[in-house]
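S.K.: Below you'll find the structure I mean.
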Amino acid sequence: DAGINLKILARYGVGLDNVDVDYAIKRGIAVVSAPHAPTQSVAELTLGLMLAVARRIPLLDAKVKGGEWPKGRYVGVELGGKTLGVVGFGRIGRAVAHMARGIGMKILAADVIDASTEVEKLGGRQVPLEHLLKESDVVTIHVALTPETYKLLNAERLALLRDNAILINTSRGEVIDHEALLQHLDRLWGVGLDVLPEEPPKSPHLKKLITHEKVVVTPHVGSETREAMRRLAEELVSNIEEVISRIKL
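Counting with our numbering, you get residues 1284 to 1532 for the letters of the sequence shown.
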């Protein structure tokens, strides 16, 4: 409201969950972001978290740096031949699925829109979310934060995950009920998180979660590569210029 001459609101990033888009539109303010730029970087981090959890890489690294040599103590699992469940088959979800196929994973996808053609190109199937959670060895989340996706993985849905499943989230922290997740850690193989509902975490249950040896956490850095940050700037400038060409400032 203070910006009486404001015409464009540019978000340096992808998500617009921290912008009141409807109100901006009512005010005649154009809202732009850079949704395509970080796709590759976020997808690569997702795959990295999958591998880190599967092979206990951060835990082994910490043990060796602490003076131990725990060979044979922490046996990992392979991802090849396993089923990857992709929740949200948009740009990033598709990129992750392509990478996962490259290491021999099978693909299931769940989405609110029909993505069956894209999924089938990878030899996979689109299935309901509950089916995906029951049948996947690894579940990775790539949805926008909306009222419908808030705590999408609640206690009831987390209970559907297979024993020894791996759960990855590089989308938004609020799509998982982390208190409920904490109750399932003992039966899961592990969890990889780049996002949390509090950043940095302050709640006792989040602090307990991120210090668990089965959990690998990064501080919301999915788009923080040199390449993605350059593309973010370029895409945002391009989108701003496109808006300027259409409106009278």
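Using N, Cα and C, we set each Cβ at its ideal position, and we do this for glycine too.
Between which two residues does the beta strand (DSSP E) holding A1345 run?
M.R.: Mapped onto the sequence shown, residue 1345 falls at position 62. Segment 1340-1348 is the alpha helix (DSSP H) holding A1345; no beta strand (DSSP E) there.
S.K.: Just checking H1495 against the ligand NAP - is the residue's beta carbon closer than 7 angstroms to any of the ligand's heavy atoms?
M.R.: In the structure on display, the ligand NAP does not appear, and there are no ligands present to speak of.
S.K.: Can you list, in chain order, the residues of its chain whose CB lies under 6 angstroms from that of R1322, leaving out five sequence neighbours each side?
M.R.: Counting from 1 along the sequence shown, the entry for residue 1322 is found at position 39. It is Thr, not Arg, that sits at residue 1322 in the sequence shown. Around T1322: R1374, I1375, A1378.
S.K.: In this structure, what does DSSP give as the bridge partners for L1450?
M.R.: The residue you call residue 1450 lines up with position 167 of the sequence shown. Answer is V1422, V1474.
S.K.: From L1367, A1393, L1436, E1403, pick the residue whose C-alpha is nearest to that of I1386; which is it?
M.R.: By 1-based counting over the sequence shown, the position of residue 1386 is 103. The residue with the shortest Cα to Cα distance from I1386 is L1367.
S.K.: Which of helix, strand or coil does DSSP assign to K1389?
M.R.: In the sequence shown, counting from the first residue as 1, residue 1389 sits at position 106. K1389: strand per DSSP, three-state reduction.
S.K.: Classify I1530 as helix, strand or coil using the three-state DSSP reduction.
M.R.: Here residue 1530 refers to the residue found at position 247 when the sequence shown is read from its first residue. In this structure, I1530 counts as coil in the three-state DSSP scheme.
S.K.: Go ahead and pull the three-state DSSP assignment for A1380.
M.R.: Numbered from its first residue, the sequence shown carries residue 1380 at position 97. Helix.
S.K.: Find the nearest neighbour of G1331 within the set V1302, I1451, E1481, R1440, judged by alpha-carbon distance.
M.R.: Here residue 1331 is taken as the residue at index 48 of the sequence shown, counted from 1. With distances taken between Cα atoms, G1331 lies closest to I1451.
S.K.: Rounded to the nearest angstrom, how far is the Cβ of I1390 from that of A1383, given a contact under 8 angstroms?
M.R.: For the purposes of this step, residue 1390 is taken as residue 107 along the sequence shown, with counting starting at 1. For the purposes of this step, residue 1383 is taken as residue 100 along the sequence shown, with counting starting at 1. Right, the Cβ-Cβ distance comes to about 7 angstroms (below 8 angstroms), so this counts as a contact.
S.K.: Could you check which residue in V1297, G1473, L1299, K1309 has the C-alpha nearest to that of L1289?
M.R.: Mapped onto the sequence shown, residue 1289 falls at position 6. For the residues V1297, G1473, L1299, K1309, the minimum Cα distance to L1289 belongs to K1309.
S.K.: Quick one: what does DSSP say A1293 is sitting in, helix, strand or coil?
M.R.: Counting from 1 along the sequence shown, the entry for residue 1293 is found at position 10. The answer is strand: DSSP assigns A1293 an E or B state.
S.K.: Does the segment 1449-1463 come within contact of the segment 1404-1418, defined as at least 3 CB pairs closer than 8 angstroms?
M.R.: no
S.K.: With a threshold of 7 angstroms on Cβ separation, who are the neighbours of L1343 within its own chain once the five nearest residues in sequence on each side are excluded?
M.R.: Sequence index remark: in the sequence shown, residue 1343 carries index 60 (1-based). Same-chain partners within the cutoff: P1353, Y1357.
S.K.: Keeping to the same chain, check which residues put their C-beta closer than 7 angstroms to that of A1326; ignore five residues upstream and five downstream.
M.R.: Numbered from 1 along the sequence shown, position 43 holds the residue referred to as residue 1326. So the list reads I1375, A1378, V1379, M1382, once near-sequence residues are dropped.
S.K.: Between the Cα of L1428 and the Cα atoms of V1478, K1490, L1444, R1440, which residue gives the shortest distance?
M.R.: Along the sequence shown, one-based indexing puts residue 1428 at 145. Of the listed residues, the one whose Cα sits closest to L1428 is V1478.
S.K.: Confirm, please, whether the CB-CB distance from A1448 to D1420 is below 8 angstroms.
M.R.: Counting from 1 along the sequence shown, the entry for residue 1420 is found at position 137. Counting from 1 along the sequence shown, the entry for residue 1448 is found at position 165. Taking 8 angstroms as the Cβ cut-off, D1420 and A1448 qualify as a contacting pair.
S.K.: Go to A1463, then tell me how far its alpha helix (DSSP H) extends in each direction, as first and last residue.
M.R.: Counted from its first residue, the sequence shown places residue 1463 at position 180. A1463 -> alpha helix (DSSP H) spans 1461-1467.
S.K.: What are the start and end residues of the alpha helix (DSSP H) that includes A1438?
M.R.: Within the sequence shown, numbered from 1, the residue matching residue 1438 stands at position 155. Counting along the chain, the alpha helix (DSSP H) containing A1438 begins and ends at 1438-1441.
S.K.: Where does D1469 land, buried or exposed, given buried means 16+ other C-beta within 10 angstroms?
M.R.: Sequence index remark: in the sequence shown, residue 1469 carries index 186 (1-based). Under this definition D1469 is an exposed residue.
S.K.: If you check the beta carbons only, do K1313 and V1526 fall under 8 angstroms apart?
M.R.: Position 30 of the sequence shown holds residue 1313. Position 243 of the sequence shown holds residue 1526. The residue asked about is misnamed: residue 1313 is Ala in this sequence, not Lys. Yes.
S.K.: Go through its chain and collect everything with a Cβ distance to P1484's Cβ below 7 angstroms, but skip five positions before and after it.
M.R.: Residue numbering aside, residue 1484 sits at position 201 when the sequence shown is read from its first letter. Closer than 7 angstroms at the Cβ level, and outside the excluded window around P1484, lie K1490, I1493.
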